[in-house]
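Have a look at the structure below, then the notes.
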Amino acid sequence: MFAFTQRYRPTFPLALFFLSFLPFTCVAEEQSLPDKLSLSEWKVPWGGRPRDPFVDSNGDVWFCGQSGNYIGRFSPASGEFKKFSVPDGSHPHNLIVDDQDRVWYAGNRNAHIGRLDPQNGEIRRFAMPEGIEDPHTMVFNREGNIWFTAQHSNRIGLLDVKTGEVKVVELQSAKARPYGIKMDAQNRPWIALFGINKLVRADPKTLALTEITLPRAGARPRRLEIDDDGNVWYVDYTDGYLGRYVPASGKFTR
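FYI, in mature numbering (1 follows the signal peptide of the UniProt record, and there is no 0) the residues of the sequence shown are -28 to -1, 1 to 226.
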């Protein structure tokens, strides 16, 4: 079904972290691990549950202040933070940065995706169509347009960043809660369905959905990643394990 159109709130510490591997001598063939880890921490000067960091082309780190209703920028070179306000009630859940270093955020509580210009702080809002109340997690496709999930609206959307057109498809399964989203080498989005034990893949042209059922009935995939071989890795939030799905064979490994 096509249409054009209370959430889970994890707790995050008010800090940004970077992990450095010392020494950086991991040999892939031997699957060796570094002997030491170094952790650097910077305290964010404002409240608001900072989350979802994204590094731009200058090496600056952008992040959402979800409950504080702001976008933050941290410059590791100088140690400086800068705060950018977003429209009231946005409560940005996720952000990504395009190849022009413009920051796109998901206005999770007031039904829009916003684009922030770091040069002047101006924001352009892209309103969601009817049925999309909570844009959640976003990813760019090959053309620079944005696929996104809407967890409690139970939908997946595609925003054309030039025209502002939004195409939406509703999940086949009720209360599926589409959450994490990543693109594969074929320019197809894969989504973790946090409310049920499934992954889903969308056709980039038709938006037709293909659901893949995980072996464990109680599995609840939340985030995922796709490796260079096209394998889909996911985390099972309820059981605390890492899973791998191989689309070519249909095989799962836990």
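Just so you know, even glycine gets a beta-carbon here, dropped at the ideal spot from N, CA and C.
For the beta strand (DSSP E) assignment, the uninterrupted runs of no fewer than 3 residues enclosed by the stretch 187 to 224 are, from N- to C-terminal side, 193 to 198, 204 to 208, 213 to 218.
The shortest CA-to-CA distance from Ile128 to any of Lys223, Lys154, Glu94, Tyr206 is the one to Lys154.
The alpha-carbon separation between Ile168 and Ala189 amounts to approximately 8 Å. In the structure shown, the three-state DSSP call for His124 is coil.
For Leu5, the secondary structure class from DSSP, reduced to helix, strand or coil, is coil. If you draw a straight line from the Cα of Thr210 to the Cα of Glu197, it comes to about 18 Å. With respect to the C-alpha of Pro187, the residue from Leu179, Leu171, Asp201, Ala180 having the closest C-alpha is Leu171. Following the DSSP letters along the chain, one finds Arg87 inside the beta strand (DSSP E) bounded by residues 84 to 88.
Spatial neighbours of Arg81 in its own chain (CB-CB distance under 6 Å, excluding positions within 5 residues in sequence) are listed in chain order as Gly61, His63. A contact is defined here as three or more CB-CB pairs under 8 Å, and the stretch 27 to 34 meets this definition with respect to the stretch 44 to 56.
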